[in-house]
Structures are given as structure tokens and as C-alpha cells.
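J.:
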Amino acid sequence: DDHVPVPSADAGDGLNGFSDADAMDGAKHVAYECSKSVANAVGHPLKGPELVLRIWESTAGAICKEVESGRNIFVPGLGTFGNTADGIIFAPLEEFVQTHGLDVSYFTSFIEMIPSRRPPTSPRRRAEELSLAAQMELLLRVKHSVASVARLLEVTSDVVLQALQAMVHRMGQQMTTRAMVAVSFAPLGTFVCEERCFRFHAQLSVLAPLAPVSNFGPTIPLRKLLSTLERRKAKFGIRG
Numbered sequence: 121d122d123h124v125p126v127p128s129a130d131a132g133d134g135l136n137g138f139s140d141a142d143a144m145d146g147a148k149h150v151a152y153e154c155s156k157s158v159a160n161a162v163g164h165p166l167k168g169p170e171l172v173l174r175i176w177e178s179t180a181g182a183i184c185k186e187v188e189s190g191r192n193i194f195v196p197g198l199g200t201f202g203n204t205a206d207g208i209i210f211a212p213l214e215e216f217v218q219t220h221g222l223d224v225s226y227f228t229s230f231i232e233m234i235p236s237r238r239p240p241t242s243p244r245r246r247a248e249e250l251s252l253a254a255q256m257e258l259l260l261r262v263k264h265s266v267a268s269v270a271r272l273l274e275v276t277s278d279v280v281l282q283a284l285q286a287m288v289h290r291m292g293q294q295m296t297t298r299a300m301v302a303v304s305f306a307p308l309g310t311f312v313c314e315e316r317c318f319r320f321h322a323q324l325s326v327l328a329p330l331a332p333v334s335n336f337g338p339t340i341p342l343r344k345l346l347s348t349l350e351r352r353k354a355k356f357g358i359r360g
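If you're matching positions, the sequence shown starts at 121 in my numbering and goes up one per residue.
(1) Is the beta carbon of Ala182 less than 8 angstroms from the beta carbon of Leu308?
(2) Which term fits Ser225, buried or exposed, when burial requires 16 or more other beta carbons within 10 angstroms of its beta carbon?
(3) Around the C-beta of Val124, are 16 or more other C-beta atoms found within 10 angstroms, so that it is buried, or is it exposed?
(4) Alpha carbon to alpha carbon, what distance is there between Ala302 and Ala143?
(5) Does the Cβ of Asp145 have 16 or more other Cβ atoms within 10 Å, making it buried, or fewer, making it exposed?
(6) For the alpha helix (DSSP H) that contains Arg174, what are its first and last residues?
(7) Using only the alpha-carbon positions, how far apart do Val312 and Phe318 sit?
(8) Could you check if Leu327 is buried or exposed, using at least 16 other CB atoms within 10 Å of its CB as the buried criterion?
(9) Check whether the stretch 185 to 200 touches the stretch 253 to 267, counting contact only when three or more Cβ pairs, one atom from each stretch, lie closer than 8 angstroms.
(10) Can you tell me whether Thr204 is buried or exposed, with buried defined as 16 or more other CB within 10 angstroms of its CB?
(11) Could you tell me whether any Cβ in chain C is nearer than 8 angstroms to the Cβ of Gln293?
(12) According to DSSP, is Arg191 part of a helix, a strand, or is it coil?
(13) Take the Cβ of Ser157 as the centre, count every other Cβ of all protein chains shown within 10 Å, and call the residue buried at 16 or more, exposed below.
(14) Taking the alpha carbon of Lys148 as the point to measure from, which residue in Arg174, Gly137 and Phe138 has its own alpha carbon closest?
(15) For my contact list, Ser155 and Pro169 are in at a C-beta cut-off of 8 angstroms; report their separation, rounded to the angstrom.
(16) In terms of residue numbering, what span does the alpha helix (DSSP H) encompassing Ala159 cover?
(17) Are the Cβ atoms of Val288 and Val280 separated by less than 8 angstroms?
(18) Just mark Gln282 as buried or exposed, buried being the case when its beta carbon has 16 or more other beta carbons within 10 Å.
(19) Less than 8 angstroms between the CB atoms is what I'm expecting for Gln323 and Ala306, so what's the real figure, rounded?
(20) Since Gly292 is in the beta strand (DSSP E), which residue starts that stretch and which ends it?
(21) Output the distance between the C-alpha atoms of Met300 and Leu273, rounded to the nearest integer angstrom.
(22) Leaving aside the five residues before and after Phe138 along the sequence, list all residues of the same chain whose C-beta is less than 6 angstroms from its C-beta, in chain order.
(23) Give me the residue from Gln255, Asp278 and Val150 with the minimum Cα distance to Leu213.
(24) Between Glu153, Ser178, Gly163 and Tyr152, which has its C-alpha nearest Arg271's C-alpha?
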């Protein structure tokens with residue numbers, strides 16, 4: 121059996137003390153800080169951060185459908201998502217990791233669990249073949265197309281691209297400057313970073329139904345959110 125094992129999370133502490141609600145709030149806060157990225161969507165019924173968040177959620181849903189059909193999907197600036205017999209896996213892009221100075225030992229230790237890895241086969245593509253995506257057998261991939269999300273939300277592809285680029289960049293900045301970050305990318309999973317240690321916690325069931333569209337609504341102040349996370353971190357005995 122050569123399928124790739126996916127680390128399972130303990131019930132109740134699957135996100136290292138973060139809850140799904142924390143991760144959703146994390147996505148909302150990033151979206152708030154990226155509202156200018158959709159300034160060109162003049163006249164759209166969703167404004168600023170609401171539209172950014174909807175683009176983020178819809179993109180995750182579109183990628184989930186693709187990986188469930190057996191494709192490995194590359195998201196420029198972020199990384200590659202794939203599907204194995206055990207569930208969804210993610211390999212971050214080296215550029216994202218290096219730009220924000222993140223620790224990816226979680227992913228390298230995961231790679232060691234893979235029963236059989238294909239050695240590099242093309243000297244001309246050696247750097248890419250030795251990437252995390254290649255070592256997690258996600259190299260044969262296709263680039264994510266934003267067209268379906270653009271049609272769904274009735275915006276241009278440029279607006280979708282700008283929102284995604286802004287979300288990825290700002291999420292990386294938060295991972296660099298804040299001790300704890302959790303950002304939902306449901307239904308695929310959640311990005312988690314503590315003290316620059318970057319992880320991806322996949323959805324427990326790869327065939328789980330798509331997450332309902334969130335109600336953006338009022339978001340608690342960031343200081344209050346971080347205070348709540350600090351208390352939860354202390355409760356679970358997490359150092360940092």
C-alpha cells in the first residue's frame with residue numbers, strides 16, 4: 121500500500137488549540153485588510169472585505185472539487201493541493217515560505233512518512249523536482265483557474281486574482297509578525313502558524329460537503345480575538 125498517510129488531528133484540539141470559529145475569524149480579519157484589492161469591482165452588491173472573503177471561500181470550494189476528481193491543483197504564490205487515499209494534502213510553495221521566513225519542518229517530517237518517493241527524473245527541472253510538492257508526489261499538477269469563481273461571483277478574473285494574491289500575501293505577513301495565526305480555507309482545511317511554524321490541517325473527510333458560505337457580519341476586534349486565543353493556548357498548555 122503506497123498511499124500517502126495524512127497526519128490525523130486529536131479530537132477537540134485539531135488546530136493546536138484553535139477552533140474552526142477562530143480560523144474563520146482569522147480569514148475574516150485577513151479579508152478586512154485586503155479590501156482595497158477589490159476596488160475595481162465597482163457596483164458589486166458585496167463590498168470590500170465581504171467580496172474578498174467570498175472569493176477566498178469560493179476558491180477553496182472550486183479547488184476542492186478539482187482535487188476530489190483526482191487533479192493536483194497549483195495555486196500561484198501559495199502551493200499545491202492534492203488528494204490521496206487518506207485525504208487532502210498540501211505542499212507550500214518555497215517562495216511563500218522563504219518570503220515570510222516560515223519553518224516547514226511539519227511538512228518535511230510528513231514527507232518522511234511517505235512509503236515511496238520518486239527520485240528526480242529530469243536534470244533540467246531538478247530544482248522543481250526537489251520541491252516539497254515533488255517530494256509529496258504532487259508535481260504533476262495543473263494551475264488553478266479563477267474563471268469559475270469569477271463567473272460565480274460576477275466579477276472579472278482580474279478582481280479574483282488580485283483578491284487571492286492579497287489574501288495570500290497578507291496571511292504570510294501575519295504569520296511573520298504574530299505569534300499565532302489560523303486562517304480557514306474550508307472545505308479544504310486550515311492554515312495554522314505558531315511562532316513561524318507553518319502547518320496545514322486538512323479537512324478530516326475529503327468528501328465532506330462544501331462548507332456553507334459564511335455570514336461575514338460583525339467581526340470581533342483583533343485584539344480581543346488574540347486575547348481569546350492566548351487564553352485557549354494556555355488552557356491547552358501550548359507554549360509560545
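Each residue gets a CB set at the ideal place from its N, CA and C atoms; glycine is no exception.
T.: According to the structure shown:
(1) No, the pair does not count as a contact, with Cβ atoms beyond the cut-off.
(2) Result: exposed.
(3) Low confidence applies to Val124: its pLDDT is 34, below 50, so where it sits in the model is not reliable enough to give any reading.
(4) Going by C-alpha positions, Ala143 is about 5 angstroms away from Ala302.
(5) Flag for Asp145 reads buried.
(6) DSSP places Arg174 inside the alpha helix (DSSP H), whose first and last residues are Gly168 to Glu188.
(7) Distance from the CA atom of Val312 to the CA atom of Phe318, rounded to whole angstroms, is 6 angstroms.
(8) Low local confidence applies: a pLDDT of 40 at Leu327 is under 50, so the model's placement there is unreliable, and no value is given.
(9) Note that the stretch 185 to 200 touches the stretch 253 to 267; at least 3 beta-carbon pairs, one per stretch, sit closer than 8 angstroms.
(10) It counts as buried.
(11) Looking for chain C here will not work: only one protein chain is present.
(12) When DSSP states are grouped into helix, strand and coil, Arg191 belongs to the coil group.
(13) Counting Cβ neighbours within 10 Å, Ser157 comes out buried, since at least 16 surround it.
(14) Of the listed residues, the one whose Cα sits closest to Lys148 is Arg174.
(15) Right, the Cβ-Cβ distance comes to about 5 angstroms (below 8 angstroms), so this counts as a contact.
(16) Membership of Ala159 in any alpha helix (DSSP H) is not indicated, and neither H nor E is assigned to it by DSSP.
(17) Judged by their CB atoms, Val288 and Val280 are not nearer to each other than the 8 angstroms cut-off.
(18) That one is buried.
(19) Cβ-Cβ separation between Gln323 and Ala306: approximately 7 angstroms, consistent with a contact (criterion under 8 angstroms).
(20) First-last for Gly292: Ser277 to Thr297, but that is the alpha helix (DSSP H), not the beta strand (DSSP E).
(21) In this model, Met300 and Leu273 are separated by some 31 angstroms (Cα to Cα).
(22) Once the five neighbours on either side are set aside, the close Cβ partners of Phe138 are Ala302.
(23) The candidate whose alpha carbon is nearest that of Leu213 is Gln255.
(24) Checking every option, the nearest Cα to that of Arg271 belongs to Ser178.
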